[in-house]
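Below is one structure, written out as structure tokens, with a few remarks after it.
Below you can see the structure in the form of structure tokens.
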């Protein structure tokens, strides 16, 4: 069973005491950590023995050749409620899943990836993008037949198996999804929602930089604490109050924190980009792949950053879209640069993580994701219909987003 994947990473320097500095590459060939976000991986799962392997797609001239990344083996979950259990490919590998795998070559990894792995204690976060769904379905059905389970019970058995393997309990996930729908709608009602999202991102970056200045961790006023996990939570939740989101009740904020502990892949201070994904939901995978395609047009060598002047060369305002979508989501070149400037930690370079953050806000403003259809009255049946008992989430209509992005960048 074939599948494609990517790595989910962040810049660990944002969370390190006395080391936070604006992103300024010293050499033109030096990759940022976002280089690893842009790389594509292709996997092969062998369903007869539950082994699987992962190769990096590497361009050599006009063709792509695979480079071994994870060897064929029975890989075990390295984080969360299934820590220590082996991954079963036909159950655990589905679009949108995140696999937590301990990287045995962490000490020999390139510098930027090694710093990230130091923060996660050697755990990789592997995000599944696409899967050969027909082979996956056939493998599941073959196993059900082998166990002589009546056909009329298949859906129930598959659903229970899927739930048992989720990193987060469905009831907690439903609560989180409803909160995300509420907060996304609140952001969408802002006069300039994309710029508002960028301002919150900037606020978190400044607050982390201001508070991560002591060898023991965070400082609030004159009181320092070694518990950076708790202290980062305080900064993150204070940021939501500063942003004036609705429904910031202690129980609701606890749901977000429990979800992080179930799905984060690491302990210690929480990166603000991960927290924003929990509050507003992640960029759906098809949209995220399109943004990667756009960025790679300007960054073909996958450095993970581009010069701001390159963006101004490629970006064109999609004037045709103003009447259909309005000025809230259609940006002139100057408006685009001003909004992106709120996210940048360098005057000269734009990191892919910052470029993606802009389009996360853009995606929320445009709507059209599965989360946007949830309401407070929805139950587990609606949850199952949206996220799917087979793990086939992210079935969505992306035409508007795709047309706007492709029209802006000529891809």
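Residue numbers (my numbering): 135 to 545.
By construction, the Cβ of each residue, glycine as well, lies at the ideal position given by its N, Cα and C atoms.
How far does the beta strand (DSSP E) with residue i in it extend, from its first residue to its last?
i           : result
residue 340 : No beta strand (DSSP E) holds residue 340; the alpha helix (DSSP H) holding it covers 327-345.
residue 456 : Careful: residue 456 lies outside any beta strand (DSSP E), inside the alpha helix (DSSP H) at 456-459.
residue 176 : 175-180
residue 232 : 232-236
residue 439 : 439-441
Pick helix, strand or coil for residue i, following the three-state DSSP scheme.
i           : result
residue 276 : helix
residue 356 : Confidence at residue 356 is low in this model, with a pLDDT of 36, below 50, so its placement is unreliable and the value that follows should be read with caution. Three-state DSSP puts residue 356 in coil, outside helix and strand.
residue 285 : helix
residue 483 : strand
residue 255 : coil
residue 165 : coil
residue 540 : helix
residue 322 : helix
residue 451 : coil
residue 248 : helix
residue 493 : helix
residue 534 : helix
residue 308 : helix
residue 499 : helix
residue 127 : For the chain, the structure presents residues 135 to 545; residue 127 sits outside this window and is missing.
residue 315 : helix
residue 241 : helix
residue 509 : coil
residue 432 : helix
residue 524 : Note that residue 524 scores a pLDDT of 43, beneath 50, so its modelled location is shaky and nothing firm can be said.
residue 292 : helix
Is residue i buried or exposed, if buried means 16 or more other CB atoms sit within 10 Å of its CB?
i           : result
residue 485 : buried
residue 544 : exposed
residue 325 : exposed
residue 373 : buried
residue 202 : exposed
residue 472 : exposed
residue 434 : exposed
residue 383 : exposed
residue 226 : buried
residue 192 : exposed
residue 177 : buried
residue 426 : buried
If you drop the 5 nearest sequence neighbours on each side, which residues of the same chain put their C-beta closer than 7 Å to that of residue i?
i           : result
residue 333 : 476
residue 223 : 135, 179, 181, 184, 186
Since residue i is in the alpha helix (DSSP H), which residue starts that stretch and which ends it?
i           : result
residue 475 : 467-477
residue 143 : Neither: residue 143 is in no alpha helix (DSSP H) and is coded neither H nor E.
residue 208 : From DSSP, residue 208 is part of no alpha helix (DSSP H); its letter is neither H nor E.
residue 225 : 223-226
With a CB to CB cut of under 8 Å and the five nearest residues on each side skipped, what residues in its chain are close to residue i?
i           : result
residue 510 : 312, 316
residue 161 : Confidence at residue 161 is low in this model, with a pLDDT of 43, below 50, so its placement is unreliable and the value that follows should be read with caution. So the list is empty, once near-sequence residues are dropped.
residue 263 : 137, 138, 139, 140, 229, 419, 423
Against chain C, with Cβ distances strictly below 8 Å, would residue i count as a contact?
i           : result
residue 191 : In the structure shown, chain C does not exist; there is a single protein chain.
Given residue i, which residues of its chain have a CB within under 6 Å of its CB, disregarding the five upstream and five downstream residues?
i           : result
residue 535 : 421, 500
residue 141 : 170
residue 406 : 338
residue 415 : 314, 505
(request) Kindly provide the ranges of any alpha helix (DSSP H) runs that are 4 or more residues long and lie completely inside the region 372-430, ordered along the chain. (result) 384-397, 406-414
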